[in-house]
Every structure is written in structure tokens, then in C-alpha cells.
Amino acid sequence: MGRRTDLSSLLSSGAAAPAAETAGEGTRPVSRDAAHPVTVALADLAENPDNPRHELRDLDGLAETVRERGVLQALGVVPRAVFLAAHPHHADAVGRAPYVVLHGHRRLAAARMAGLDEVPVLVREDASRTDEDALIENVQRDDLTELEQAQAIQGLIKSYGYSQRQVAARIGKTQGFVSQRLSLMKLREDLQEALADGRVSVEDARRIARLPQEEQALPGDTGTPPPTVPKARRDYGVIKIDSRGTPEEVVESLRRHLAPAALDRILELLGR
């Protein structure tokens, strides 16, 4: 099992920047010290497009705490220019906000819900592995669903060429943990959506993922349209039934001669 990465060391790993440096156009100079948070207006913060968490859950309680006590843990941010230097394809998503939030998206959302105007932040000067850092933080806090973990792990493997063993070491989990998550990526896209919205359990999803995609289907769903019930036949032939036969034999005789719809009708009449 790999060594767990300490998030606090990740947030404070950069060297201290000059004491007064402008973060972006039209913004006030901000004193930056990796060990001490500074205050930034909410309007100056953009969310990280690489955030592996797709949904911010359980915000009401956090917003109430923030309303009463403020944001107790500083958000990790990076200047817009530094972020775009590492991720130029995110220019549209980031917009013109001078800072991009790397860690603390729930705290940011709660601060907005609580009506705060500004929050404490720690400013970093390295945005080269923001997706990796975000995954480490969220996995260690159990903030992601298993599908979100799977998608983020797959992204790390594609972006950095990591093996499963290397990913496990980076996020402080076992290789089995990584392998289990990645198995969910073998699901068809519609079944991944079913897992995300709770229509299929993780246990069922793992079982389904072992099948070839053309054989995958939701539990109870054969993947093909249900068979149509044949119309009742107008059968004017005589159905011979042995009056001495058992009820099972009578039923079998009826099944051989009548369509299912006709049998259903007989059952309805017998039940009256």
C-alpha cells in the first residue's frame, strides 16, 4: 500500500512568492505567503474544471456553519495565469476570474449560500498537477462516489501514463481499490448514467461490467424489447380434456391449445 500524501504539504509545497504581487488585471495586490491565508472576494474565484467531484452534496449544514463561524479552512487557489499556463484548454471555463480554486469547492459553494463576500485562501504557484491533487484530496476525504473516483483515476492514467500501482501509491490506496474503480469504466455509457443516478447499485454495476458491452443490461432488463403477447386464436376445434385427469393435466391441455391471452381470460373468469 502506498504512502498517503498529506494534503497540507501539497497546499504549502510552493516557495513563498514576493510579498506584493498582482493576481490579475483589475485586481488589488495580494500578499502571498504559502504558510498564511489571505482574503479574496468570491467574485475573484473560478472553479477548477478538473474537479473530479461532479456533484456538491450536503451543503445545507456546511452553509449554516459557515454563516455562523465563517470559513474555518482556507481554500487552495492558483492565479489564473499560472493555471492556464498548465491547462490552456480551460480558458473558456475559467473566464476572467483572477484565481482558480484547486481545493475547497464545497466551502466555496457554502460561502456563496451563506451570503459571504470573501473567503480565506492559500495561493499556490504550481498548477501542473491540479487534477491529481484534487483527486488525492477528495479520495482521502471520501468525498467522491465510486464512479467519480473511477473517472478521475482513468483521467490520471491517460494524462500521466501512470500504472494502476503508481496511481494507488499516489492516492494512498491499494491496487485492488484502483482496479475495482476502473472496472466501472467498462460499463456502457447509459449504464454509467444509471449508476450515477442510483438506478443500479455499485455491486450490480461491477457484476455487469464483467460482461461484454453488447451483453450488458440493467438487472431485470434483457436488453431487448419485451415479447409481444400473441392475439387470441379463434380456434373452433374441440379441446379434449380427460375429466378424470388431475388439475395439472387439465392445465397442460389448455396450454397446448390456447394462446396466453385466452388463458389469462379463463383465469379471470374462474376467479369471479
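Under the working numbering, the first residue of the sequence shown is numbered 162, with each subsequent residue one higher.
All residues carry an ideal CB built from backbone N, CA and C; glycine is no exception.
{"query": "Around the Cβ of histidine 160, are there at least 16 other Cβ atoms within 10 angstroms (buried) or fewer (exposed)?", "result": "Outside the shown range of the chain, which is 162 to 433, sits residue 160, and nothing can be said about it."}
{"query": "Taking all protein chains shown into account, decide if leucine 428 is buried (16 or more other Cβ within 10 angstroms of its Cβ) or exposed.", "result": "exposed"}
{"query": "How would you write the range of the beta strand (DSSP E) that leucine 283 sits in, first residue to last?", "result": "279-284"}
{"query": "Just mark aspartate 205 as buried or exposed, buried being the case when its beta carbon has 16 or more other beta carbons within 10 Å.", "result": "buried"}
{"query": "Over what stretch of residues does the alpha helix (DSSP H) that includes alanine 288 continue unbroken?", "result": "Counting along the chain, alanine 288 falls outside any alpha helix (DSSP H), and DSSP gives it neither H nor E."}
{"query": "Exposed or buried, what is glycine 222 when buried is set at 16 or more other beta-carbons lying within 10 Å of its beta-carbon?", "result": "exposed"}
{"query": "Using 8 angstroms for Cβ pairs, my map puts valine 238 next to valine 262. What's the rounded Cβ distance?", "result": "5 angstroms"}
{"query": "So what does DSSP say about valine 363, is it helix, strand or coil?", "result": "helix"}
{"query": "Given that a residue counts as buried once 16 or more other Cβ atoms are within 10 Å of its Cβ, and exposed if not, what is glutamate 354?", "result": "exposed"}
{"query": "When you compare only the Cα positions, how much space is there between arginine 349 and glutamine 377?", "result": "7 angstroms"}
{"query": "To which residues of the same chain is lysine 392 closer than 6 angstroms at the C-beta, ignoring the five residues directly before and after it?", "result": "Low per-residue confidence applies at lysine 392: pLDDT is 38, beneath 50, and the placement is therefore not dependable enough to give any value."}
{"query": "Can you list, in chain order, the stretches of the beta strand (DSSP E) that have 3 or more residues and sit fully within the segment 243-281?", "result": "260-264"}
{"query": "Quick test of your reading: alanine 330 and phenylalanine 338, contact by CB under 8 angstroms. State the CB separation rounded to the nearest angstrom.", "result": "So it is not a contact: roughly 11 angstroms between Cβ atoms."}
{"query": "Measure the C-alpha to C-alpha separation of valine 390 and leucine 345 and round it to an integer number of angstroms.", "result": "Note that valine 390 has pLDDT 37, beneath the 50 cutoff, so the model's placement of it is unreliable and the number below is only indicative. Each residue's alpha carbon lies about 36 angstroms from the other."}
{"query": "Report yes if the CB atom of aspartate 278 is closer than 9 angstroms to the CB atom of leucine 379, and no otherwise.", "result": "no"}
{"query": "Which residues in the same chain have their Cβ closer than 6 angstroms to the Cβ of leucine 356, if we skip the five residues on either side of it in sequence?", "result": "Leu308, Ala366"}
{"query": "Give the DSSP-derived three-state secondary structure of valine 238 in the structure shown.", "result": "strand"}
{"query": "Rounded to a whole number of angstroms, what is the C-alpha to C-alpha distance between alanine 271 and glutamate 229?", "result": "12 angstroms"}
{"query": "Take alanine 288 and list the residues in its own chain whose beta-carbon comes closer than 6 angstroms to its own, dropping the five residues that flank it on each side.", "result": "Val239, Val243, Phe244, Ala247"}
{"query": "Nearest CA to the CA of threonine 200: which residue from Arg326, Val232, Glu225, Val227?", "result": "Val232"}
{"query": "By Cβ distance, which residues of its chain are closer than 6 angstroms to tyrosine 321, with the 5 residues on each side in sequence left out?", "result": "none"}
{"query": "Would you call aspartate 253 buried or exposed, if buried means 16 or more other Cβ atoms sit within 10 Å of its Cβ?", "result": "exposed"}
{"query": "Could you check how far apart the C-beta atoms of alanine 235 and leucine 283 are, in whole angstroms? I think they sit under 8 angstroms.", "result": "5 angstroms"}
{"query": "Inspect the beta-carbon positions of leucine 343 and glutamine 315 and report whether they are closer than 9 angstroms.", "result": "yes"}
{"query": "In the structure shown, what three-state DSSP assignment does threonine 226 receive?", "result": "helix"}
{"query": "For valine 232, does the three-state DSSP call read helix, strand or coil?", "result": "coil"}
{"query": "Roughly how many whole angstroms lie between the Cα atoms of glycine 359 and leucine 220?", "result": "20 angstroms"}
{"query": "Jot down the residue ranges of each uninterrupted alpha helix (DSSP H) in the segment 314-368, minimum 4 residues, whole runs only, in chain order.", "result": "325-332, 336-344, 350-357"}
{"query": "Run the CB neighbour count on aspartate 294, radius 10 Å, all protein chains shown included, and call it buried at 16 or more, exposed below.", "result": "buried"}
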